[in-house]
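2 protein chains.
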Amino acid sequence: MTITIAVDCMGGDHGPSVTVPAVLDFLGRDAGCSAVLVGREAALRPLLRGAERLGQRLRIQNASEVVEMHDAISIALRNKKDSSMRVAVDLVKDGRADAALSAGNTGALMAISRFVLKTLRGIDRPAIASILPTVDGHCYVLDLGANVDCTAEHLCQFGIMGTLLVAALEHRDRPSVGLLNIGEEDIKGNEVVKQAAELLKESGLNFLGNVEGDQIWRGAADVVVCDGFVGNVLLKSSEGLAQMIASGLKEEFSRNLLTKLSALMALPVIRAFKRRFDHRAYNGASLLGLKGIVFKSHGSADAYAFRCALERAAEAARERLPEKIAARMAILHPDNGIPVAA
Amino acid sequence: MTITIAVDCMGGDHGPSVTVPAVLDFLGRDAGCSAVLVGREAALRPLLRGAERLGQRLRIQNASEVVEMHDAISIALRNKKDSSMRVAVDLVKDGRADAALSAGNTGALMAISRFVLKTLRGIDRPAIASILPTVDGHCYVLDLGANVDCTAEHLCQFGIMGTLLVAALEHRDRPSVGLLNIGEEDIKGNEVVKQAAELLKESGLNFLGNVEGDQIWRGAADVVVCDGFVGNVLLKSSEGLAQMIASGLKEEFSRNLLTKLSALMALPVIRAFKRRFDHRAYNGASLLGLKGIVFKSHGSADAYAFRCALERAAEAARERLPEKIAARMAILHPDNGIPVAA
C-alpha cells in the first residue's frame, strides 16, 4: 500500500524553497510513499527539475491562496477556501491523501482540520502532541495549545491519544503516561488534575501518576499529559531558555581571540552536543483526535526538519492512527453508538 | 534602624553548615543588620567560633524540632510548634525580627507563615515570587506554586504585589508587568487570564499586556504574573532543562582526551558563562501578601546563595514591603475598611 502525503508547500517561514526539496528527499528515501505538493503551481514547478524519475509518486495540486501567519483563524477558515493549507486537508477528507502536513499557522491548521475532517467519536477535543528531547531519548507532550480550558475527561482522552500515538510512531506496546503536576503526591495539584489522575488510573493505560516539570527532561514518562495552556507555556519557555543558553555561550566564545581559539578547539564537542539535542529531529507535531491525519511542522523548519515531519506523518498513516484511536474510544464508551467489535 | 532577620538554620539540604557561615558573612558585610539563629543550640554553637566580634548583632534562639522536607504540611503546622521554621516566623509575628528566612519545605513555610502572620487586608491569597535570569538582567515571576486555582482578581493582586516587590528590591519606580499567556493577542488564553488582563489594564500598574513563555527569557517584563500551577511547571521545567543541557555539555566535554583538552582550553569561557547565569545570585523567593516578611531560600543553596537570600530579605524589611502592599490595596479598595489616607 502506498501512503500519500498532501503537503502544504506554501506554509512556514521559508515556503517552497524548504518544503519542496524536503519532499523530494523524503520520496527518494521511502519508495512506499507518494506526495501531492499543494500550492501555487508557478512557485512549485521550477523547484522540480530532476524529479521526473518519481513519476506518478509526485503530483502538484494548485491552490491559489496562502494562509499567512498573522491571518485570523476566522479569515483562514471562511475567506481562504483555496488556500494550500485548506486544499491539503481537503485531500485527506476526500481520501486522495492519507495525511496532510503544514508548517503554517497552527491555530488555522487546527481550525481547518477540525472543520473539514471533524472530531472522532468519543473525543471531545482534538489536541496537539509534540516531541521533547530527554536525557536518554525523547517524550511526547500533549496538549500544546489547542485547548486552554480542559476538563479531567479531556486530559484522560489526551492520555489515550498520546499512548496510541507513541505506539504507532515508536512501535511500543504500553508506553508510560505521566500527568504533569506540581508535586508527586496525589493530594497536590488543582481540582481538574486531581480528577484526571483518578480517571487515568481507571483507564487501563500504563499510567505512572504525577510528573513534575523537571522530570519531563529526565524521561520520567513516554507521554506527558497537560492542558494546552500549561503545555504551551512549557514548550515556548523551554525553547526560549534553550535559545538564551545557546546565544549566551556563543557570546562568551566570541568575546576575544583567545575565547575564539578555544571555540575552535571545542567545535567537535559543540557539534556532538548539537546533534544530541537537535530539535530538528523532533519536528512534526500531531493533531490528534480527528477523522484523518494532520501533522504540523515548526514554521522555521529547514529541509531536514521538514523531512522528519513527513516521515512521522507517513508512519502515522501506515499505522492507521485515527482508526486505532476510534477503536480505543469505542471500547472505553461502548454505549456511544459504535459496537465494541467495530 | 537595625534590621533583624530570623534565620531558620536547620532547613535546606545542608542545614547549619551552610546557613550559619552565610549569616556570619552577611553580618560582616552589612553593619545595619542583626540576626537571630533559630535551631538546635547544640548544632549551632560550635559553628560560631570567631563570631564574638558581632556582639548583640548575633543571637541564638533554641528550637527543638525541625520540619523535614517530606513532612506533611499538617504535621509541620500542628505537631511541630517548636520547629526552627515555626519559631523563626513567630519572631516576626512578635516584632522581635523584621523578616524570616528558611531553606526548608516550601509548603510548610507558606502554611506556617499564613497561619502565624495572617494575610494582609485586601489580599485574598499570598503568593511566592522568584527571580529568573533573562538575556539582559532578570525578572520576577509569581505565583510559583502557592495557589493552583486562581481567579482573575488573584492574578491582578499578584501584579500589584510583584510591582511593589520589584520597587522595593530594585528601587525601580514603575516596573513593567506582563501576564503570562499563550499568545500576544488579547483574544488568546483561558477565561481567567482574559479577565485578569482587563483588571490589570485598569489597575494603574505599568501593565504591558500578554507575555509568552519564550519572552520571559528575553526580558519582556520586570514582573510576570501567572497562576501557581503554571508558574511551578515553568520554574521546575526550566531548572530541569538547564540541568539537562549542562550535564549534556559536561558529558560531551569528558568523552575522550581530546575533548577534555578542549574543555581545559574553554574553561575561562565556561566560567564566564556560569557567572552570567549563576542561579545562586537569584536565590531568595518572597512570600508576598502576609502581615510580615518571609523569604524562602532554595533547599540546595550554598553559603553564597543563602547570603543573597538574606540580603533580599533585609532589603524588603528596610523598604517596609508589607506596609506598602497594604497601602496600595487600601487605595484600590477604599471600601474595605481602611481609610485611603492610612
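In the order they appear, the protein sequences are chains A and B. Each residue of the first sequence is one higher than the last, beginning at 1 in our numbering. Each residue of the second sequence is one higher than the last, beginning at 1001 in our numbering. All residues carry an ideal CB built from backbone N, CA and C; glycine is no exception. Just so it is clear, the structure is predicted and the values come from calculations on it, not from any experiment.
Secondary structure of residue i, DSSP reduced to three states
i                       : result
residue 1125 of chain B : coil
residue 1338 of chain B : Low confidence applies to residue 1338 of chain B: its pLDDT is 43, below 50, so where it sits in the model is not reliable, and the reading given next is rough at best. If DSSP states are grouped into helix, strand and coil, residue 1338 of chain B belongs with coil.
residue 149 of chain A  : coil
residue 1296 of chain B : strand
residue 1212 of chain B : coil
residue 1130 of chain B : strand
residue 1156 of chain B : helix
residue 1014 of chain B : coil
residue 1078 of chain B : helix
residue 218 of chain A  : coil
residue 59 of chain A   : strand
residue 226 of chain A  : coil
residue 251 of chain A  : helix
residue 1202 of chain B : coil
residue 1072 of chain B : coil
residue 1135 of chain B : coil
residue 1064 of chain B : coil
residue 1277 of chain B : coil
residue 1051 of chain B : coil
residue 1100 of chain B : strand
residue 1182 of chain B : coil
residue 1032 of chain B : coil
residue 1189 of chain B : coil
residue 144 of chain A  : coil
Chain B within 8 angstroms of residue i, Cβ atoms only
i                      : result
residue 276 of chain A : yes
residue 151 of chain A : no
residue 215 of chain A : yes
residue 236 of chain A : yes
residue 221 of chain A : no
residue 266 of chain A : yes
residue 269 of chain A : yes
residue 262 of chain A : yes
residue 78 of chain A  : no
residue 281 of chain A : no
residue 211 of chain A : no
residue 218 of chain A : yes
residue 341 of chain A : For residue 341 of chain A, the predicted structure reports a pLDDT of 41, less than 50, and the residue's modelled location is therefore unreliable. A value from the coordinates is still provided. Closer than 8 angstroms: no.
residue 244 of chain A : yes
Beta-carbon proximity list for residue i, same chain, < 8 angstroms, skipping 5 on both sides
i                       : result
residue 1137 of chain B : 1219
residue 1155 of chain B : 1179, 1192, 1193, 1196, 1199, 1200, 1225, 1226 and 1227
residue 289 of chain A  : 119, 120, 123, 125, 126, 127, 157, 161 and 325
residue 82 of chain A   : 63, 64 and 65
residue 263 of chain A  : 253, 254 and 270
residue 1071 of chain B : 1080, 1105 and 1108
residue 1337 of chain B : Note that residue 1337 of chain B has pLDDT 47, beneath the 50 cutoff, so the model's placement of it is unreliable and no number is given.
Cβ distance (whole Å) where residue i is taken to contact residue j below 8 angstroms
i                       : j                       : result
residue 7 of chain A    : residue 303 of chain A  : With 8 angstroms as the limit, residue 7 of chain A and residue 303 of chain A do not qualify as a contact, their Cβ atoms being about 12 angstroms apart.
residue 217 of chain A  : residue 1208 of chain B : Rounded, the Cβ-Cβ distance is 30 angstroms, inconsistent with contact.
residue 232 of chain A  : residue 107 of chain A  : Rounded, the Cβ-Cβ distance is 11 angstroms, inconsistent with contact.
residue 10 of chain A   : residue 40 of chain A   : 7 angstroms
residue 167 of chain A  : residue 175 of chain A  : 6 angstroms
residue 1044 of chain B : residue 1035 of chain B : Contact doesn't hold; Cβ gap of about 11 angstroms is too wide.
Contacts around residue i, its chain only, beta-carbon distance under 6 angstroms, and the 5 residues preceding and following it disregarded
i                       : result
residue 1052 of chain B : none
residue 1159 of chain B : 1177, 1200, 1205 and 1225
residue 298 of chain A  : 283
residue 1099 of chain B : 1005, 1293, 1313 and 1317
residue 22 of chain A   : 303, 306 and 307
Nonlocal neighbours in the same chain, by C-beta distance under 7 angstroms from residue i, ignoring five residues either side
i                       : result
residue 1112 of chain B : 1076, 1077, 1085, 1086 and 1089
residue 1202 of chain B : none
residue 13 of chain A   : 299 and 300
residue 308 of chain A  : 280, 281, 283 and 284
CB contact check: residue i to chain A, cutoff 8 angstroms
i                       : result
residue 1136 of chain B : no
residue 1006 of chain B : no
residue 1196 of chain B : no
residue 1141 of chain B : no
residue 1145 of chain B : yes
residue 1232 of chain B : yes
residue 1068 of chain B : no
residue 1311 of chain B : no
residue 1252 of chain B : yes
The ligand GTP heavy atom lying under 7 angstroms from the CB of residue i
i                      : result
residue 207 of chain A : Among the ligands in the structure shown, none appear at all, so the ligand GTP cannot be discussed.
- Message: Please give me, in chain order, every unbroken run of the alpha helix (DSSP H) with length at least 4 that falls completely inside the region 279–333 of chain A.
- Response: 303–318 and 321–332
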